[in-house]
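According to numbering that gives the first Met the number 0, the sequence shown is numbered sequentially starting from 0. We treat Cβ as the ideally placed atom computed from N, Cα and C, and that holds for glycine. Quantities reported herein were computed from a predicted structural model and do not represent experimental measurements. Let me begin by presenting the structure, written as structure tokens, before commenting on it.
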Amino acid sequence: MAGKEVAEVVNRCDDAKETHNLDLSGCNLTQIPEAVFLLMRSTTLLTCNLSQNLMKRIPSKLPSKFSSLKELNLATNHLSNLPEELRHLEDLTRLDISHNHFKELPQVVFRIDSLKILSAEENEIVEVDIQRLRALPSISEVNLQGNPLASETHSQLVELKDITVLLTPQDPVLDAVD
Numbered sequence: 000m001a002g003k004e005v006a007e008v009v010n011r012c013d014d015a016k017e018t019h020n021l022d023l024s025g026c027n028l029t030q031i032p033e034a035v036f037l038l039m040r041s042t043t044l045l046t047c048n049l050s051q052n053l054m055k056r057i058p059s060k061l062p063s064k065f066s067s068l069k070e071l072n073l074a075t076n077h078l079s080n081l082p083e084e085l086r087h088l089e090d091l092t093r094l095d096i097s098h099n100h101f102k103e104l105p106q107v108v109f110r111i112d113s114l115k116i117l118s119a120e121e122n123e124i125v126e127v128d129i130q131r132l133r134a135l136p137s138i139s140e141v142n143l144q145g146n147p148l149a150s151e152t153h154s155q156l157v158e159l160k161d162i163t164v165l166l167t168p169q170d171p172v173l174d175a176v177d
């Protein structure tokens, strides 16, 4: 990172000490700098926005360092999986993994009992484990728009009653080809 980018990250960390909301969106990060964890060590973060970066993975220590997160925005990165340790974010109610490279919902998602809203639009998701999704005790909304869902999966998601599922309408002509 260049000097200007480092200064921007440090400034945003300083802001987060006041607001408890860390916004590192659009900082061209390929990873979360170790300095961020050091700067934030005495701050209870409620939200963390890491969207619009270049990250391919999230460090497994993020949940232990930011254990009080209610919202985590990982949208528009290059992610294809999440660390299993995210299940330790016991207060997490909103997770945004949209605009990444997920081929399925990460297994850890099904272990976050507090999760209410999951945004997973514009990925490469074809199948969804409907039973595990239903079993999430707090889930109320799932956005899967813009994913190449299989016809059967799409149909099953449409039929879910207790969860609001946002989907891209399927083209009946393409459906007939399946």
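Leu-81 - containing alpha helix (DSSP H), residue span | Per DSSP, Leu-81 belongs to no alpha helix (DSSP H) and is neither H nor E.
Return the chain-ordered list of same chain residues with a C-beta closer than 6 Å to the C-beta of Asn-180, the five sequence neighbours on each side being excluded.
-> A query on residue 180 cannot be resolved here, the shown segment of the chain reaching from 0 to 177 and no further.
Is the Cβ-Cβ distance between Leu-28 and Cys-47 less than 9 Å?
-> no
How would you label Leu-94, buried or exposed, when you count the other beta carbons within 10 angstroms and need 16 or more for buried?
-> buried
Determine which residues share a DSSP beta bridge with Glu-70 and list them.
-> Thr-46, Arg-93
Name the residue from Phe-109, His-19, Ser-24 whose alpha carbon lies nearest to the alpha carbon of Glu-7.
-> It is Ser-24.
Could you spell out where the beta strand (DSSP E) holding Glu-140 opens and where it closes?
-> For Glu-140, the uninterrupted beta strand (DSSP E) run begins and ends at 140 to 142, by DSSP.
For the candidate residues Ser-137, Leu-71, Asn-72, Leu-61, whose alpha-carbon lies nearest to that of Pro-82?
-> Leu-61
Per DSSP, which residues does Asn-20 bridge with? Please list them.
-> Asn-20 is bridged to Thr-46.
Based on the DSSP secondary-structure assignment, which residues constitute the bridge partners of Leu-117?
-> Leu-94, Val-141
Environment of Pro-168 [buried if 16+ CB atoms lie within 10 Å] | exposed
Pick from Glu-84, Leu-148, Leu-78: whose alpha carbon is nearest that of Lys-55?
-> Leu-78
Quick one: Cα of Leu-184 to Cα of Cys-12, how far?
-> Here the chain has residues from 0 to 177 only, and residue 184 is not among them.
Quick one: what's Thr-163 bridged to in DSSP?
-> Glu-140
Taking all protein chains shown into account, decide if His-153 is buried (16 or more other Cβ within 10 angstroms of its Cβ) or exposed.
-> buried
His-100: first and last residue of the uninterrupted alpha helix (DSSP H) it sits in = Where His-100 is concerned, there is no enclosing alpha helix (DSSP H), given that its DSSP letter is neither H nor E.
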